[in-house]
Amino acid sequence: MRYDLVVVGGGPAGLAAAIEAKKNGIESILVIERDKELGGILQQCIHNGFGLHEFKEQLTGPEYAGRFIEQLKEMNIEFKLDTMVLDVTPDKNVHAINSVDGYMLIEAKAVILAMGCRERTRGAIGIPGERPAGVFTAGAAQRFVNMEGYMVGKKVLILGSGDIGLIMARRMTLEGAEVKAVVELMPFSGGLARNIAQCLNDYNIPLYLSHTVIDIQGKERVEKVVIAKVDENRKPIPGTEKEYEVDTLLLSVGLIPENDISRATGVEIDGRTSGAVVNEMMETNIEGIFACGNVLHVHDLVDFVSAEARKAGKAAAKYIKGDMSTGDYVELKNGFGIGYTVPQKFRLNNVEKGLEVFMRVRNIYKNMVLQVRDGENVVFSIKKPHVAPGEMEKIIIPKAKLETIKGKEIVVELVGGDK
Amino acid sequence: MLDVIVIGAGVMGAAVSRELSKYNLKVMVLDKENDVSNGTTKANSAIVHAGYDAKEGTLMAKYNVLGAAMYEELSKEIGAPYKKVGSYVLAFSEEEKKHIETLYERGIKNGVPELKLIGKDEILEKEPNINKNVVGALYAGTAGITGPWEFTIKLLENAALNGTEVLVDAEVVNIEKLESGYKVILKDGREFETKIVINAAGVYADKINDMVSKEHFDIHPRIGEYYVLDKVQGKLVNSVLFQCPTEMGKGVLVTRTVHGNIMVGPTAEDVEDRDYVGTTTHGLDDIRRQAAKTIENINYRDSIRNFTGIRAESSTGDFIIGEASDAKGFYNIAGTKSPGLSSAPAIGLDVANMIVEKLGATKKEVFKQNKPQIHFIELSPEEKAEVIKKDPRYGRIICRCESITEGEIVDVIHRMVGAKTVDGVKKRCRPGTGRCQGGFCGPRVQEILARELGKELNEIVLDKKGAYILTNETKISK
Ligand SMILES: Cc1cc2nc3c(=O)[nH]c(=O)nc-3n(C[C@H](O)[C@H](O)[C@H](O)COP(=O)(O)OP(=O)(O)OC[C@H]3O[C@@H](n4cnc5c(N)ncnc54)[C@H](O)[C@@H]3O)c2cc1C
Ligand SMILES: Cc1cc2nc3c(=O)[nH]c(=O)nc-3n(C[C@H](O)[C@H](O)[C@H](O)COP(=O)(O)OP(=O)(O)OC[C@H]3O[C@@H](n4cnc5c(N)ncnc54)[C@H](O)[C@@H]3O)c2cc1C
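One line per chain: the protein sequences are F and U, in this order.
Residue 91 in the working numbering sits at position 91 of the first sequence, with consecutive numbering throughout.
Quick note, the working numbering runs 1000 ahead of the 1-based positions in the second sequence.
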């Protein structure tokens, strides 16, 4: 089998990338998705709140995905479901299997990696205690409840106050479970303010900041979960324990980009994002292999995923047509307060109007200025009244400003304000 | 009347049953849990020790050396994973260097082959990630790593294939002496008469012994906690790295696992409850602190699981193997602490021989071998294509971390001593052992189990009876 472009993953990232590549003149495209349907993680997110940027309306996850799936079908882009990509080689051979076609070797000119991410588990954060049934990641529970039609418990405690944890607190409550509390290790919630209001406050579910789970009890099913307050070093403070008689613990403790395939291919991974190191074209260190969406870095909003994926789709088209320009790289360094940036480097020649940079900050800061500096020369700056690690920041540095850069690296940092 | 009842389907019960199944004997294996290999055999370091640890003259020394020598071939025969990776006991001071010399001498006396004392440069060349403070090491070429569940399950599968009955959910609560033999009584009221009883009940072996024999011994539980690290850390060590033993025990080790993960642990702590397999904050902290002596920067952010195992420390300090002097036909395999796993094949063979001799049993003419189990991910592309062509279910990946296919899962459900729980499937073909720990595949495995066993989705449990996963249907689906 031979295609110009193979897209690995049929979630919002893969769909948007494929559609954009087609719009940019690539005819021979294959999207490969291991699930029974396209749409990725959105299929299990039946709450609304998707698409405000993309469609200027509030859609549910399946509705949002549906719009892209329809477009994909209208454009006659090929896709294979229930098909797993096992391996992508550096020369862009894609090895995949399914039960109908069997083992497939697909030769591609370009590959877009859009495999999404997975949830961190109990083991990843080392919660002590027994190992009974009833400890779920929030996403696994969401799938059971929203897609399989089964409840996972009656009395619930949730660890992690990111959006997924918050949304599951509401979902479980609406399904008749009693959510005793949401517990958060950090002194602030990782979720959107509107989700705290709509998912916790509206249902009188308490949120304990600076707390963590220190013990899980129960030989068969969870019987009790013990939490405690933590100090500045996130160590539990003795004497602050609280016990909850619950049968279920949901973990919403972070997402990790799913880069097994990328690693095996030889794609360079950034330790901070756990995703590929990419340039302004969303291209990895391996020529013609691109990455976008949650496999690249974890996004809070699917709208950002779609936008980023379009860049990858467009870039892949450019690459396939041989229109990509080369040039010297300028690297983006993380200065004060910045956790990571995507892309991590860029070539001026390929930037059209401006360079879009996504980033996460390390802490909550108020009244800061986000600036990009080339040595002493401030290339770009913007006021940031409030930034938080839970909310991804985006800046666009105009091309004219980029042209003033002389060095090989620029620093992105927060300055001034209330640290 | 049965010929033999084996109480306990851990590695000990499995090893002896499989040997017995070569003979014309009616054998039954009983376990109180809902699956085999759910006791100590489920949670340990998975190391086939070379045999220099145990004092010369002990049963531990004898069976360890014999057992280690049997592992490679036996594993191949039954289809269990095993890798002879070698082990090092590291010395970080002159004093510890003396200690490894003692171990070396003991090893020689115990008859351990391929033992060697090596210097700093050589060990660092073999294991470049270890702490540069190392001054020397004792190398043991015959040490290996195994998959304790797979090993045990495969032994039992083999036994079952040759006519052994394996009953789970079968807790022995009493044993009565009969004229010639014993009556074994289960919690649910079932009773079985048998000529021979083999007590391989792990941490409960003293209780079983007390039902029959006055030769009393005690088992006290001692837990050991662990970290399992993601395969991305798999290159950290190539073999098994021990620290110098102290009064507290063998200390914390860092090892590769047969499936390419890294394992760090165990702690050693005496406890009261024989069933408590929880991890503790202090235990996990201890591991990290102690392991730093071996390797300074282990990345615990790549941890995917913690677990705890329970050692069966006996009051005699050695394995208790053989017929009780005051109860003819009652055999103990007790006090099976480390190196029990390593010793199991030799103990199984020895005890089986005792019984065969006692009963004058004859060998079966045909002894069946396990049907090979397909491990999809290990196949070449051509083999993969072939396998899917024969059975399309091998074309559907269920566990994405470990690339386990539906075909493999269906296979282990329908094999002899097949899986009935989500963890049962995991022990037999590993979905859920990867970094997402079943977050994604768990529900799918549950679905396949329900379908294949003709049950409702919410009847499928995680591991033990009562470990239900789902409560009720949601409002919408009702
Ligand atoms: C529980 C939850 C709640 C959320 N709530 C909101 C919200 O309210 N609002 C909002 O805007 N955003 C929300 N998001 C975020 C948004 O859904 C994600 O940002 C978006 O789905 C990411 O898109 P993606 O395509 O990168 O990844 P995914 O949606 O994860 O898609 C990746 C796809 O790749 C496939 N795949 C992976 N590996 C392979 C392989 N080897 N072979 C073939 N296929 C493969 C997967 O099956 C999957 O379908 C939520 C996310 C989660 C997890
Ligand atoms: C932390 C730790 C690390 C270890 N590391 C190693 C190592 O690296 N190498 C090594 O060689 N050894 C090691 N060991 C030792 C090894 O794991 C044991 O020796 C071995 O697993 C014991 O097997 P078993 O069959 O005797 O016990 P188990 O596996 O416990 O089997 C006993 C079975 O009996 C059943 N049972 C109990 N009571 C009843 C009853 N009344 N009725 C019916 N069934 C009953 C139980 O359910 C259980 O399944 C380690 C042990 C621990 C705890």
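C-beta atoms are modelled at their ideal positions from N, C-alpha and C, and glycine is treated no differently.
CA-to-CA, the gap between A141/F and Q44/F works out to about 10 angstroms. Residue nearest to E1408/U within the set V1425/U, V1417/U, Y1227/U and E1313/U is V1425/U (criterion: CA-CA distance).
For the stretch 1225-1259 of chain U, the full-length beta strand (DSSP E) segments reaching 3 residues or more read 1240-1243 and 1253-1256 along the chain. At a cut-off of 8 angstroms between beta carbons, C1399/U makes no contact with chain F. For F1367/U, the number of other beta carbons within 10 angstroms of its own is below 16, and it is reported as exposed. Looking at the DSSP output, L38/F bridges to nothing. Rounded to whole angstroms, the separation of the alpha carbons of D300/F and I97/F is 31 angstroms.
Under the three-state reduction of DSSP, V1172/U is assigned to strand.
Just measuring C-alpha positions, the residue of E54/F, R362/F, V226/F and I29/F sitting nearest T273/F is R362/F. Contact annotation, Y208/F with T1474/U: C-beta distance approximately 27 angstroms; criterion of less than 8 angstroms not satisfied.
Put simply, the stretch 1354-1365 of chain U does not touch the stretch 1377-1392 of chain U. Fewer than three CB pairs are less than 8 angstroms apart. In the structure shown, P343/F adopts coil according to DSSP, grouped into three states. Interface annotation, Q1290/U: not in contact with chain F, CB-CB separation never under 8 angstroms. In the DSSP assignment, E1125/U falls within the unbroken alpha helix (DSSP H) covering K1120 to K1126. For T1257/U, not one C-beta of chain F is nearer than 8 angstroms to its own C-beta. Residue contact check for P1266/U against chain F: no CB pair falls below 8 angstroms. In this structure, G40/F keeps its C-beta atom at 8 angstroms or more from the C-beta atom of A16/F. Residues of the stretch 195-223 of chain F with a Cβ closer than 7 angstroms to any Cβ of chain U, in chain order: I214, K219, E220 and R221.
Beta-bridge annotation (DSSP): L370/F is paired with I382/F and L414/F. Annotation: L1030/U to L1117/U spans about 44 angstroms, alpha carbon to alpha carbon. For the set K219/F, M186/F and V213/F, the Cα lying nearest the Cα of N233/F is the one of M186/F.
For M1211/U against N1162/U, the beta-carbon gap comes to about 28 angstroms, at or over 8 angstroms, which does not count as contact. Around the CB of Y1063/U, 16 or more other CB atoms lie within 10 Å, so the residue is classed as buried. Just so you know, the alpha carbons of L1359/U and C1429/U end up roughly 37 angstroms apart. Taking 8 angstroms as the upper bound for CB-CB distance, I29/F and V7/F are in contact here, some 7 angstroms apart. L157/F counts as buried, since no fewer than 16 other beta carbons sit within 10 angstroms of its beta carbon. Looking at the DSSP output, E331/F bridges to K345/F and E409/F. Shortest Cα-Cα distance from A193/F to any of K224/F, S161/F, K219/F and H47/F involves S161/F. Judged by pairs of C-beta atoms under 8 angstroms, the stretch 1239-1247 of chain U does not touch the stretch 1259-1275 of chain U, as fewer than three such pairs exist. Under the criterion of beta carbons closer than 8 angstroms, A1467/U and E220/F qualify as touching, at roughly 4 angstroms. In this chain, the beta strand (DSSP E) harbouring K224/F covers K224 to K229. In this chain, the alpha helix (DSSP H) harbouring D303/F covers V302 to I320.
Taking the Cα positions, G1181/U is about 36 angstroms away from T1146/U. When CB distances to chain F are screened at a threshold of 7 angstroms, the residues of the stretch 1366-1383 of chain U falling below it are P1381, in chain order. Within a 10 Å sphere around the beta-carbon of G1189/U sit fewer than 16 other beta-carbons, which makes this residue exposed. Among the bridge pairs identified by DSSP, S1403/U is matched with none.
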